[in-house]
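When you number the sequence shown by the UniProt record's numbering, it's gap-free, plus one each residue, and the end is 285. Each residue gets a CB set at the ideal place from its N, CA and C atoms; glycine is no exception. Owing to the predicted nature of the structure, the values given are computational and were not obtained by experimental measurement. To start, the structure itself, in structure tokens.
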Amino acid sequence: MDSWSLTTRSIPYTTFNLHNFSPSNTHRKDPGNRSISVGISNSSTKDIWRKTPNSTTPNPPSPAPSFHQPYRRKPELGYLDHSVDMDELVQSINQTTNEHELFAVLSPYKSRQLSIRFMVTVLSRETDWQRSLALLDWINEHALYTPSVYAYNVVLRNVLRAKQWEIAHGLFDEMRQRGLSPDRYTYSTLITQFGKEGKFDDALSWLQKMEQDHVSGDLVLYSNLIELSRKLCDYSKAISIFSRLKQSGISPDLVAYNSMINVFGKAKLFREARLLLQEMRSARS
């Protein structure tokens, strides 16, 4: 890829303008020397990202549709999934260097001749965060597919791997505004990636949102957070997470018990460590 530029607008939903060599607003250079334009509102850490209205994409859409769109194209009778070589399509997409080229590659399928399952699979094979954002934009705003939580999860994964934290917040807000319910994978991805980068308060904030949404975590998620807390020597957070694990009805496994016994020992809470050891032995008997 040569150059993808991002512009942002704080309006009710998130799409991305990645048109060639036309950065604006605040500029940063990524390791590949792409010009990336990212504008972040000072009023919120969860900005909504929107394509600029003067984008020069082929066949630009008329005024931006709202989330509660009264009209979406009727699906075609039957899909062409089995008639399209996915590997070839993915290869063509990977060779695009800007939004114009990407949309040109996808233009034969603008009437949704391909199923959303097919498109999400194509999207899942894209690892570049900027190209995946443009592809999501095409899916939602050009082909007018019904928004898919799976598509958002894939893009969220790529954005988080690229450490684009504000964009991740924007994508999450957009999901909600489109009427999508973040699932366990959504939250697990957010919690794990923020936690790995030492953004522990953010990770715990996502955990709280997950619990408020009544989305159940799993043992692996809680165990990973406990282990991250232990490695960061943040023993109070590890204890808090272990308590939440048990409150959620999940039974700790040997790994979780051992991590917490170590935490209690490091925190010089030897009585709690002994009690937990007894609990572990009772649970295994």
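Note down the Cα distance separating residue 47 from residue 87, rounded to an integer number of angstroms. Confidence at residue 47 is low in this model, with a pLDDT of 33, below 50, so the placement of that residue should be treated as unreliable; the coordinate-derived value is given next. Answer to the nearest angstrom: the Cα atoms are 35 Å apart.
Start and end of the alpha helix (DSSP H) containing residue 99? 99-106
What do you get for residue 194, buried or exposed, if any count of 16 or more other CB atoms within 10 angstroms of its CB means buried? buried
Neighbourhood of residue 164 by C-beta distance below 7 Å, restricted to the same chain and skipping five residues each side: 129
Contact check, residue 90 vs residue 122 under 8 Å by CB: the rounded distance? 6 Å
C-alpha gap between residue 265 and residue 235, whole angstroms: 10 Å
Check each candidate in 224, 180 and 206 and name the one with the smallest Cα separation from residue 242. 224
Pick out whichever of 94, 185 and 190 has its Cα sitting closest to the Cα of residue 170. 190
State the Cα-Cα distance for the pair residue 180 and residue 244, rounded to the nearest angstrom. 26 Å
Identify, in the order they occur along the chain, each residue of the same chain with its Cβ nearer than 8 Å to the Cβ of residue 276, setting aside the five sequence neighbours on each side. 257, 260, 261 and 264
Beta-carbon contacts of residue 185 that lie in its chain and below 7 Å, excluding the five residues immediately before and after: 153
For residue 139, which residues from the same chain have a beta carbon less than 7 Å from its beta carbon, with the 5 sequence-adjacent residues on both sides left out? 119, 145 and 151
Hey, how far is the Cα of residue 33 from the Cα of residue 136? With a pLDDT of 36 at residue 33, under the threshold of 50, the modelled position of that residue is not reliable, and the figure given next carries that caveat. The alpha-carbon atoms of residue 33 and residue 136 are separated by roughly 23 Å.
Relative to the alpha-carbon of residue 143, which residue among 218, 222 and 104 has its alpha-carbon at the smallest distance? 104
Taking the alpha carbon of residue 94 as the point to measure from, which residue in 272, 254, 127 and 111 has its own alpha carbon closest? 127
Could you pull out every residue in the same chain whose Cβ sits closer than 8 Å to the Cβ of residue 253, ignoring the five residues on either side in sequence? 219 and 223
Can the beta-carbon of residue 83 be found closer than 8 Å to that of residue 116? no
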